[in-house]
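>
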Amino acid sequence: MAEVTRRRLGELQRAVFAVLNDEEDGLPATEVVKRSEEICPATPFEDSDYPNRPGIRRFPRMLRFGTIVNVKAGWLVKDRGTWRVTEAGRDAYARYPDPEEFARQAGLGYKAWEASRDRAAAWTTYSDDEAAADAEAAQLEASASRSRRAWLVRGANVDGTNLVPSWLAGGYCSISYAQVPKIGAGTPRIEIAKLVKDAMPDAHIVHQGVVVGVLDRFVNQMAADDVVATVDGAKVYVGTVTGEAYSDPTPLSERRRPVRWINAGQPFQRQQLSDDAANGLRGQLTQSELTPYLAEFARLAGLDLGATDEVIVEAAAPREVLLPPPDQVLADRLLLPQGWLAETVELLNDKRQVVLYGPPGTGKTYLAQELCKALVESSGGEFAIVQFHPSYAYEDFFEGLRPRPSTDGSGGIYFDVVPGPLRRLAKQATDDPTHPYVLIVDEINRANLAKVFGELYFLLEYRGQSVSLQYSPDESFYLPRNLFLIGTMNTADRSIALVDAAMRRRFPFQGLFPTRPPIAGLLRRWLAANNLADAAAALLEELNRRIADDDFAIGPSYLMSPRVAEPGGLERIWRTAIVPLLEEHYFGEGRDVEAQFGLVALRRATAAPVAEL
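The number in this note's numbering is simply the position in the sequence shown, starting from 1, with 7 added.
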């Protein structure tokens with residue numbers, strides 16, 4: 008937050024109060040922002056767009072972010088697009104003319120709110136839409152600025168030695184890797200990789216990658232004022248980093264960071280942590296990140312983060328993201344019962360993944376995409392689609408090594424770890440925790456699922472917990488809770504046998520069968536909605552009665568086309584789409600498919616004359 012000083016935040020806050028001070032009924036937020044900038048012009052830094060977010064100008068979001076503490080202090084009301092100052096806010100505006108003191112006092116008010124959240128409604132007014140907009144602004148500030156981070160550094164068992172007592176007494180934390188030469192701050196990761204490879208030529212490439220990741224985090228990513236935690240049995244110690252990395256000749260702790268340990272005399276217990284924060288202490292990496300749980304570790308250790316950092320942590324913390332319930336308009340458009348759609352969305356919100364399964368032509372993929380368009384994109388999220396097939400593997404779905412030619416003219420080949428669709432969408436969801444992201448996996452049963460999902464099976468069941476990865480072992484990866492998966496499964500496909508019990512346990516299944524709700528009668532509803540005769544629906548119902556197999560019944564989407572009303576249209580669909588499907592299904596059984604399932608036989612049974620079609 009180097010660019011966003013307390014004084015500047017105070018200047019922005021006071022500009023807002025100057026605009027609203029004489030407006031008893033308040034003003035629209037857009038008008039407040041406009042007038043505030045006239046009083047307190049944007050700096051060149053504030054006038055620019057956020058990095059990697061072109062088109063999103065920083066000043067309006069920073070103004071929102073800066074006034075979060077004013078709302079929590081009870082000085083400012085943000086209610087459905089209208090902002091107004093309270094009497095307490097007017098008093099503070101008059102009492103604290105210095106911008107820095109004004110911001111500091113607002114921070115103290117925020118702390119009072121933080122300490123009494125159960126009574127917060129008594130002095131704050133904050134509508135949900137305004138809170139969401141402020142949370143987005145705080146998230147942008149947190150991602151665009153170098154905000155405080157938290158790290159786990161392990162020291163209780165370093166080659167069988169417990170270094171934690173020495174850390175606490177000496178005011179530092181450390182890592183080793185003595186065989187790797189000294190690495191100065193700012194050394195590029197690629198240079199660290201070369202040093203590690205030269206120093207550890209016999210080490211496996213995976214182990215070399217782990218060492219590179221730890222060294223890069225310890226030397227380059229960790230910074231002064233960051234929070235560091237370490238574990239000694241059930242005890243958790245927390246401190247703050249006070250300077251750059253330095254070297255020491257002591258074996259097992261040659262690379263050090265100075266640390267001011269906060270609770271060296273009174274560590275808290277691991278069981279005091281929430282499940283998610285406790286999960287962050289598990290794993291095997293020497294150093295890993297704990298930033299999502301920064302506020303929790305600081306609170307338990309008695310560490311005062313300061314009002315500005317607390318606002319970022321509290322406002323930008325991931326909230327439970329839920330898909331909105333489908334409305335009747337969507338149900339009418341899809342010609343499906345609203346109750347069934349609502350149940351499907353509830354399953355997604357509860358389990359974070361669902362499989363739509365049924366025979367061909369029941370609209371599984373179409374329904375998945377339409378739900379995403381209506382419920383995900385409208386909520387500000389994104390969705391992507393991928394199709395599984397027999398040669399699909401973990402490396403295609405999540406991440407794997409991919410060759411690339413060298414750029415140094417040597418003619419050699421290098422291998423990069425390239426993310427797949429799931430990892431890319433998980434990164435988007437992690438960077439944008441307030442919106443839903445959905446990956447549709449079409450034909451999910453056509454791949455070897457155990458091979459494709461690998462350790463992701465665990466993460467599907469335990470969202471928020473992290474694991475080490477096959478190709479990125481120096482990272483801890485978790486599936487964010489705002490990432491949803493929708494699979495589609497064709498029950499007529501013989502590869503359904505590849506769906507193992509582990510898959511069935513992790514995914515709730517929603518059936519789409521032509522002879523059962525919600526698909527039963529869908530073709531009749533579609534024909535009626537398009538003012539077409541319903542003879543085609545009678546033919547399909549008779550066909551499925553003769554097939555007498557729910558897993559292979561023919562779905563209505565084959566006939567949900569205006570062509571069924573054209574001369575010869577129904578015959579063409581039957582001849583080119585439905586009959587070949589039946590011939591493949593009954594291959595080798597000696598059936599006369601045309602005699603049993605042809606249009607002539609079906610029309611005779613349903614008494615549906617050609618003229619009706």
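By construction, the Cβ of each residue, glycine as well, lies at the ideal position given by its N, Cα and C atoms.
Quick one: what does DSSP say A129 is sitting in, helix, strand or coil?
Looking up residue 129 in the sequence shown gives position 122. Model confidence at A129 stands at a pLDDT of 45, short of 50, so the residue's coordinates are unreliable and nothing is read from them.
> Between the Cα of D438 and the Cα atoms of P188, G246, P299, which residue gives the shortest distance?
Position 431 of the sequence shown holds residue 438. Comparing Cα-Cα distances from D438 to each of P188, G246, P299, the minimum goes to P299.
> Report all residues from its chain with a CB closer than 8 Å to the CB of R598; omit the five preceding and five following residues, and keep chain order.
Counting from 1 along the sequence shown, the entry for residue 598 is found at position 591. Hits under 8 Å: none found.
> Could you please give me the residues that DSSP links to D239 through a beta bridge?
Locating residue 239 in the sequence shown gives position 232, where the first residue counts as 1. Paired residue(s): K242.
> Where DSSP assigns a beta bridge to V445, which residues make up the other side?
Along the sequence shown, one-based indexing puts residue 445 at 438. Beta-bridge pairing links V445 to F390, F491.
> Going straight from the alpha carbon of F514 to that of A612, what length do you get?
Taking the sequence shown and counting its residues from 1, one reaches residue 514 at position 507. Taking the sequence shown and counting its residues from 1, one reaches residue 612 at position 605. Cα to Cα, F514 sits roughly 41 Å from A612.
> Over what stretch of residues does the beta strand (DSSP E) that includes V361 continue unbroken?
For the purposes of this step, residue 361 is identified with residue 354 of the sequence shown, where counting begins at 1. It spans 360–365 - the beta strand (DSSP E) in which V361 sits, taken as one unbroken run.
> Express the C-alpha separation of L355 and E468 in angstroms, rounding to a whole number.
Here residue 468 is taken as the residue at index 461 of the sequence shown, counted from 1. Here residue 355 is taken as the residue at index 348 of the sequence shown, counted from 1. Distance between the alpha carbons of E468 and L355 is about 13 Å.
> Please report the distance separating the alpha-carbon of L499 from that of E450.
Indexing the sequence shown from 1 puts residue 499 at position 492. Indexing the sequence shown from 1 puts residue 450 at position 443. According to the sequence provided, residue 499 is Ala. The question's Leu does not apply to it. About 11 Å.
> So what's K85 in DSSP terms, helix, strand or just coil?
Counting from 1 along the sequence shown, the entry for residue 85 is found at position 78. K85: strand per DSSP, three-state reduction.
> Could you check if A614 is buried or exposed, using at least 16 other CB atoms within 10 Å of its CB as the buried criterion?
Sequence index remark: in the sequence shown, residue 614 carries index 607 (1-based). Exposed, by the Cβ-count rule.
> Should the region 449–464 be regarded as contacting the region 399–411, the criterion being three or more beta carbon pairs within less than 8 Å?
Output reads yes: the region 399–411 touches the region 449–464.
> Taking the continuous beta strand (DSSP E) assigned at Q294, which residues delimit it?
Start at 1 with the first residue of the sequence shown, and residue 294 comes out as number 287. First-last of the beta strand (DSSP E) with Q294: 294–296.
> Start and end of the beta strand (DSSP E) containing S181?
If you number the sequence shown from 1, residue 181 lands on position 174. Unbroken beta strand (DSSP E) run through S181: 179–182.
> For the pair the region 559–569 and the region 513–533, tell me if three or more CB-CB distances fall below 8 Å.
The region 559–569, when compared against the region 513–533, does touch it at the 8 Å Cβ threshold.
> Taking the CB atoms as reference points, tell me whether G19 and G73 lie closer together than 8 Å.
Position 12 of the sequence shown, counted from the first residue, corresponds to residue 19. Position 66 of the sequence shown, counted from the first residue, corresponds to residue 73. Strictly speaking, residue 19 in this sequence is Leu, with Gly absent from that position. Yes, the pair counts as a contact, with Cβ atoms nearer than the cut-off.
> Which residue or residues does DSSP assign as beta-bridge partners of I420?
Residue numbering aside, residue 420 sits at position 413 when the sequence shown is read from its first letter. According to DSSP, which records beta bridges pairwise, I420 is partnered with P412.
> Whose C-beta lies closer than 6 Å to the C-beta of G220 among residues of the same chain, with five residues either side of it excluded?
Taking the first residue of the sequence shown as position 1, residue 220 is located at position 213. D481.
> If you check the beta carbons only, do F422 and P410 fall under 8 Å apart?
Working through the sequence shown from its first residue, we reach residue 422 at position 415. Working through the sequence shown from its first residue, we reach residue 410 at position 403. In contact: F422 and P410 (Cβ atoms closer than 8 Å).
> State the CB to CB distance for the pair T89 and P51, rounded to an integer number of angstroms; the pair is presumed to be in contact (CB under 8 Å).
Position 82 of the sequence shown, counted from the first residue, corresponds to residue 89. Position 44 of the sequence shown, counted from the first residue, corresponds to residue 51. The Cβ separation is near 31 Å, so there is no contact.
> Can you check whether the CB of S398 is closer than 8 Å to the CB of H442?
Position 435 of the sequence shown, counted from the first residue, corresponds to residue 442. Position 391 of the sequence shown, counted from the first residue, corresponds to residue 398. It is not a contact, given that the beta carbons lie outside the stated cut-off.
> Between the C-alpha atoms of S183 and R156, what's the straight-line distance to the nearest angstrom?
Position 176 of the sequence shown, counting from 1, holds the residue named residue 183. Position 149 of the sequence shown, counting from 1, holds the residue named residue 156. In a straight line, the C-alpha of S183 is about 22 Å away from that of R156.
> Rounded to whole angstroms, what is the Cα-Cα separation between R65 and R15?
Mapped onto the sequence shown, residue 65 falls at position 58. Mapped onto the sequence shown, residue 15 falls at position 8. In a straight line, the C-alpha of R65 is about 14 Å away from that of R15.
> Going by C-alpha to C-alpha distance, which of L429, V445, V607 sits closest to K380?
Locating residue 380 in the sequence shown gives position 373, where the first residue counts as 1. With distances taken between Cα atoms, K380 lies closest to V445.
> Could you tell me the distance, in whole angstroms, from the CA atom of T247 to the CA atom of A142?
Your numbering for residue 247 matches position 240 in the sequence shown. Your numbering for residue 142 matches position 135 in the sequence shown. Looking at the two C-alpha atoms, the distance is approximately 26 Å.
> Judging by CA-CA distance, which residue of V78, R97, D98, V84 is the nearest neighbour of A119?
Sequence index remark: in the sequence shown, residue 119 carries index 112 (1-based). Minimum Cα distance to A119 is reached at V78.
> Please list the terminal residues of the continuous beta strand (DSSP E) segment that includes Q472.
One-based indexing of the sequence shown puts residue 472 at position 465. No beta strand (DSSP E) contains Q472, which DSSP labels as neither H nor E.
> Run the CB neighbour count on A139, radius 10 Å, all protein chains shown included, and call it buried at 16 or more, exposed below.
Taking the sequence shown and counting its residues from 1, the one referred to as residue 139 is at position 132. Result: exposed.
> Output needed for G427: all residues of its chain with C-beta closer than 6 Å, excluding positions within five of it in sequence on either side, in chain order.
As a first step, residue 427 is located in the sequence shown; it is residue number 420 there, counting from the start. The answer, listed in chain order, is D403, F404, F405, E406.
> With DSSP as the reference, identify every bridge partner of E406, one or two as the case may be.
On the sequence shown, position 399 is the one that residue 406 refers to. Answer by DSSP bridge pairing, in chain order: P426.
> So what's Y253 in DSSP terms, helix, strand or just coil?
Residue mapping note: residue 253 aligns to position 246 of the sequence shown, counting from 1. DSSP places Y253 in strand when its eight states are reduced to three.
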